[in-house]
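Here the structure is laid out as structure tokens; the discussion comes afterwards.
Residue numbers (our numbering): 534 to 899.
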């Protein structure tokens with residue numbers, strides 16, 4: 534730094550001697566004066582910046598403790614009736630009468646359709662007459678006194694014919710019974726496909742019957758998780774409207790789908806709401822156990838330089854640590870995570886401005 538007092542003495546001597554160099558000397562003195570001021574102010578700025586860097590960043594922290602949280606597998610599925618069948622015609626016939634309306638509740642054994650088969654009715658009476666004739670022929674043959682071979686052959690043929698006719702009439706009677714189509718169980722007549730006068734072939738669908746006395750949630754579980762499932766496990770079923778029902782796991786498929794390599798599961802609803810309808814989409818949570826986890830705000834989550842999701846904390850020495858975590862599940866108020874120590878102080882404010890290993894000033898959140 535320039536000595537200002539020595540500079541003034543030099544200027545006085547120069548001025549007293551009235552040197553020709555006076556203007557040059559004065560200009561040089563002013564330049565030196567200004568330059569020395571810049572250098573000294575720069576040094577002061579460097580010192581100020583260094584002090585700022587040495588100041589610790591203040592972060593807000595909160596102490597949290599792990600809790601037992603339900604560990605479950607979540608899948609997408611749908612609501613299905615307890616039973617569902619397609620009622621089919623067992624013979625080719627015309628629909629003579631429909632006794633129940635679509636959407637009606639019907640009881641086990643109630644008559645739904647009456648079919649008409651004129652051909653079979655005619656065959657019944659024709660066959661019945663042939664049986665009577667065959668019986669008379671047998672009686673006449675047995676009444677003959679002769680015991681020749683011709684009699685025996687005729688009698689055997691008559692008895693064989695009678696057996697065939699009796700078998701035929703039994704089949705006709707079965708088919709006549711199939712003219713009356715009854716409900717195999719109590720339920721809702723969901724879909725009526727035919728109308729009075731319709732001609733149906735054997736095996737053609739007449740209607741769909743649903744048993745909604747109980748409902749079940751169905752879905753598919755991946756092969757990575759299937760070993761974690763056991764019959765009887767508790768299940769939570771959520772509908773799109775927010776309604777929740779408790780359920781119990783009642784079925785686990787032994788054979789997986791060859792294309793998706795997933796396994797079908799069924800869970801029977803224990804307390805179905807009246808508003809639940811078959812076919813509705815559902816989120817199915819199968820509870821497979823419990824795990825120690827922490828509940829935190831989603832705003833507390835951070836990413837490290839490698840893109841790993843985690844949470845920043847501070848230790849007793851106020852040094853920042855980064856903990857990789859796994860998200861167990863999400864809720865409206867926050868997320869359940871695993872991978873943290875039992876007790877920990879997490880950074881709730883300012884985590885984005887500090888890095889792992891950095892010393893900080895911490896303020897506890899109350």
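Glycine included, C-beta positions come from ideal geometry on N, C-alpha and C.
Annotation for residue 612: the continuous beta strand (DSSP E) segment containing it runs 600-621. Following the DSSP letters along the chain, one finds residue 863 inside the beta strand (DSSP E) bounded by residues 859-863. Of 798, 755 and 800, the smallest CA-CA separation from residue 792 is found for 755.
Counting the other CB atoms within 10 Å of its CB gives residue 769 a total of 16 or more, which places it among the buried residues. Cβ atoms of residue 828 and residue 600 come within 8 Å of each other, at about 7 Å.
Annotated as distal: residue 781 and residue 824, with beta-carbon spacing of 8 Å or more.
For residue 892, the closest of 800, 881, 861 and 849 by C-alpha to C-alpha distance is 849.
In the DSSP assignment, residue 830 falls outside any beta strand (DSSP E) and carries neither an H nor an E. Residue state for residue 885 is assigned as helix, using DSSP reduced to three classes.
Exposed is the label assigned to residue 794, since fewer than 16 other Cβ atoms lie within 10 Å of its Cβ. The beta carbons of residue 611 and residue 751 sit about 6 Å from each other, so the pair counts as a contact at 8 Å. Taking each of 818, 758 and 800 in turn and checking the Cα distance to residue 789, the smallest one comes out for 758. Considering only 778, 776, 774 and 760, the residue with the shortest C-alpha distance to residue 786 is 760.
In this structure, the CA atom of residue 753 is about 6 Å from the CA atom of residue 798.
The Cβ-Cβ distance between residue 625 and residue 735 falls below 8 Å. At a Cβ-Cβ threshold of 8 Å, residue 633 and residue 722 count as neighbours.
Counting the other CB atoms within 10 Å of its CB gives residue 697 a total below 16, which places it among the exposed residues.
Between the C-alpha atoms of residue 691 and residue 701 there is a straight-line separation of about 15 Å. Classified as exposed, residue 865 has fewer than 16 neighbouring CB atoms from the shown chains inside 10 Å of its CB.
Looking at the DSSP output, residue 743 bridges to 617 and 721. The DSSP-derived three-state label of residue 793 is coil. The criterion of a C-beta distance shorter than 8 Å is satisfied by residue 821 and residue 606. For a cut-off of 8 Å, the C-beta gap from residue 592 to residue 801 is around 50 Å, too long to register as a contact.
Counting only the Cα atoms, residue 812 lies some 39 Å from residue 843.
In this structure, the beta-carbon distance from residue 595 to residue 876 does not fall below 8 Å. Residues of the same chain with a CB within less than 7 Å of the CB of residue 614, apart from the 5 flanking positions on each side, are 743, 744, 745, 748 and 811 in chain order.
Looking at the DSSP output, residue 823 bridges to 603. Around residue 764, the same chain offers 782, 783, 784 and 785 as residues with beta carbons nearer than 8 Å, after the five sequence neighbours per side are excluded.
In this structure, DSSP gives residue 801 an extended state, which the three-state scheme calls strand. For residue 773, the closest alpha carbon among the candidates 779, 814 and 703 is that of 814. Cβ neighbours of residue 898 within its own chain (closer than 6 Å, five residues either side excluded): 593, 595 and 881.
When the Cα atoms are used, residue 846 and residue 832 turn out to be separated by approximately 14 Å.
Our two residues, residue 857 and residue 776, have alpha carbons roughly 34 Å apart in a direct line.
Under the DSSP definition of a beta bridge, residue 714 partners with 646. Within the same chain, 619, 621 and 726 come within 6 Å of residue 738 by CB-CB distance, once the 5 residues on both sides are set aside. Across the structure, residue 685 and residue 675 are spaced so that their CA atoms are roughly 9 Å apart.
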